[in-house]
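Engineer: In the working numbering, the protein residues as written are 28 to 453. Ideal Cβ placement from N, Cα and C applies to all residues, glycine included.
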Ligand SMILES: *Cc1c(COP(=O)(O)O)cnc(C)c1O
């Protein structure tokens, strides 16, 4: 029987504990697991049997979350890891080699722009930044060494929605996986695999956990990409020396990427999610749909109010009719455009800083996707490392603040903004 999203967010991956009957998934606070005997241990180490060896690789609490994430995204499998940034490396690691590149959207979370434009160079990887709405530019950027196309479904923070159907078609024609960061949308608002994406990455730190308690990341694989056909993905198609020449794609089929992520990625990169964090994240996901509905409702009210305010130059929220991406809400995230948007103030940089300092209910933090409403001046913080051109492309120009609308009473949020905008205008 196919359950609805609201049922799956509570039940997927979680069974009563086989040892005790505990209804809530226990936190398996253990590093290692006793082998039945030497033969059992050998079978586990050879990947001939699936089971628990050591918590850098697998842990029952984390496994329950992985199953829940795979189910909610409609994927074949998922690997959880220690943060959203870890998930991005874990997603690219099996695809890339020194000299390879990934074509990425300019409209990304600031930390991702830095990770892709600077840090991955140390692995010999390159990111080619393109306007993800420009199909010709994407095609021109793809070369023989390209291994993936990467974008955000709803971009953080600029209110841009990617045309996932068109991008998936383009990627498919080029024989490349489309990797979508679905952090801002969550699987409640957008399911990239249904639009043709191969991999979905998440910072679970944000809306999935939903209350600003832990960091976590996840890579979900659709299970439908042919890793062998092009010969471009030898980590998945060719013999793996560390496992006696096992070929992941041939052996594990649709679970090849997931098994590789655990057996090689977590084993050797070690960006493991701990069971406590998995527990908090699963508690959060139990109420995901309810929270996302309220995040969207509140964001629409507050963004609509701000748009009319005399101190405001413009608001980029795809849920507003004035947004050039409003049409894509219907096709890509029909339940709503999320809780994130940016506001440009006529008073520029100084007014932004004053606004942030004058708010009482909003918290000035670098996080987003919390039950609490949050604000940040991206140009002086999260997007500080970027060039002015990169800031503008990412929707984080100096006259812009990023707002993450919480699930409080929308009228209280509007009242707080009203008093702070008055102070900022002085
Ligand atoms: C926060 C965020 C990340 C990075 O996630 P961390 O958990 O902070 O490592 C990546 N992408 C998006 C869209 C984000 O909002």
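1. So what does residue 388 bridge to, in DSSP terms?
2. Could you tell me the distance, in whole angstroms, from the CA atom of residue 37 to the CA atom of residue 401?
3. Counting C-beta neighbours from all protein chains within 10 Å, is the total for residue 58 16 or more, i.e. buried, or is it exposed?
4. Tell me, please, which residues DSSP counts as bridged to residue 401.
5. Tell me the rounded alpha-carbon separation between residue 132 and residue 116.
6. For a quick check, are the C-beta atoms of residue 345 and residue 432 less than 9 Å apart?
7. Does the beta carbon of residue 240 fall short of 8 Å from some heavy atom of ligand 1?
8. Throw me the rounded Cβ distance for the residue 275 and residue 283 pair, which I believe falls under 8 Å.
9. Suppose the cutoff is 7 Å on Cβ atoms and the five residues either side in sequence are ignored; what does the same chain contact list for residue 198 look like?
10. Could you check whether residue 105 and residue 93 sit closer than 9 Å to each other, using their CB atoms as the reference points?
11. Can you grab the Cα-Cα spacing for the pair residue 305 / residue 40, in whole Å?
12. Using only the alpha-carbon positions, how far apart do residue 365 and residue 347 sit?
13. Taking 8 Å as the cut-off, does the region 369-387 touch the region 412-425 (at least 3 CB pairs, one atom from each stretch)?
14. Whole angstroms is fine: what's the gap from residue 242's alpha carbon to residue 232's?
15. Within the present structure, is the beta-carbon of residue 311 separated from the nearest heavy atom of ligand 1 by less than 8 Å?
16. Would you please state the rounded distance, in angstroms, between the beta carbons of residue 207 and residue 178? I believe it to be under 8 Å.
17. List in chain order: all unbroken beta strand (DSSP E) runs of 3+ residues lying wholly within the region 35-115.
18. How is residue 139 classed by DSSP in three states: helix, strand or coil?
19. Go to residue 451, then tell me how far its alpha helix (DSSP H) extends in each direction, as first and last residue.
20. Does ligand 1 have even one heavy atom less than 8 Å from the beta-carbon of residue 115?
21. Does the beta carbon of residue 136 fall short of 8 Å from some heavy atom of ligand 1?
22. Going by DSSP, what residue range makes up the beta strand (DSSP E) through residue 175?
Structural biologist: A quick look at the data gives this:
1. The count along the chain shown starts at 1 and reaches residue 388 at position 361. Partner(s): none; residue 388 has no beta bridge.
2. Position 10 of the chain shown, counted from the start, is the residue given in the question as residue 37. Position 374 of the chain shown, counted from the start, is the residue given in the question as residue 401. So the alpha carbons of these two residues sit roughly 27 Å apart.
3. As a working note, residue 58 is residue 31 in the chain shown. Burial call: exposed.
4. By 1-based counting over the chain shown, the position of residue 401 is 374. The partner list for residue 401 (beta bridge, DSSP) reads 390 and 431.
5. Taking the chain shown and counting its residues from 1, one reaches residue 132 at position 105. Taking the chain shown and counting its residues from 1, one reaches residue 116 at position 89. Using only the alpha carbons, I get a separation of about 16 Å.
6. The residue labelled residue 345 in the question sits at position 318 within the chain shown. The residue labelled residue 432 in the question sits at position 405 within the chain shown. Contact flag unset, no.
7. Walking along the chain shown from the start, residue 240 turns up at place 213. No, ligand 1 has no heavy atom inside 8 Å of this Cβ.
8. Counting from one through the chain shown, the residue named residue 275 turns up at place 248. Counting from one through the chain shown, the residue named residue 283 turns up at place 256. The pair is a contact, with the Cβ atoms about 4 Å apart (cut-off 8 Å).
9. In the chain shown, the residue the question calls residue 198 occupies position 171. These residues qualify, in order along the chain: 176, 204 and 205.
10. One-based indexing of the chain shown puts residue 93 at position 66. One-based indexing of the chain shown puts residue 105 at position 78. Yes. Within cutoff.
11. The residue you call residue 305 lines up with position 278 of the chain shown. The residue you call residue 40 lines up with position 13 of the chain shown. Annotation: residue 305 to residue 40 spans about 12 Å, alpha carbon to alpha carbon.
12. Translated into positions along the chain shown, residue 365 becomes position 338. Translated into positions along the chain shown, residue 347 becomes position 320. Pairing residue 365 with residue 347, the inter-Cα distance amounts to about 11 Å.
13. At 8 Å Cβ cutoff, the stretches touch.
14. Here residue 242 refers to the residue found at position 215 when the chain shown is read from its first residue. Here residue 232 refers to the residue found at position 205 when the chain shown is read from its first residue. Each residue's alpha carbon lies about 4 Å from the other.
15. For the purposes of this step, residue 311 is taken as residue 284 along the chain shown, with counting starting at 1. Using a cutoff of 8 Å, the CB of residue 311 does not count as near ligand 1, since none of the ligand's heavy atoms is closer than that.
16. As a working note, residue 207 is residue 180 in the chain shown. As a working note, residue 178 is residue 151 in the chain shown. Confirmed, Cβ separation roughly 6 Å.
17. Segments of the beta strand (DSSP E) lying fully in the region 35-115: 104-108.
18. Within the chain shown, residue 139 is the residue found at index 112, counting from 1. Of the three classes helix, strand and coil, the one that applies to residue 139 here is helix, per DSSP.
19. The residue given as residue 451 occupies position 424 in the chain shown. Run containing residue 451: 437-452, per the alpha helix (DSSP H) assignment.
20. As a working mapping, residue 115 is identified with position 88 in the chain shown. At least one heavy atom of ligand 1 sits closer than 8 Å to the Cβ of residue 115.
21. Mapped onto the chain shown, residue 136 falls at position 109. Within the cutoff, so yes.
22. Counted from its first residue, the chain shown places residue 175 at position 148. Unbroken beta strand (DSSP E) run through residue 175: 173-179.
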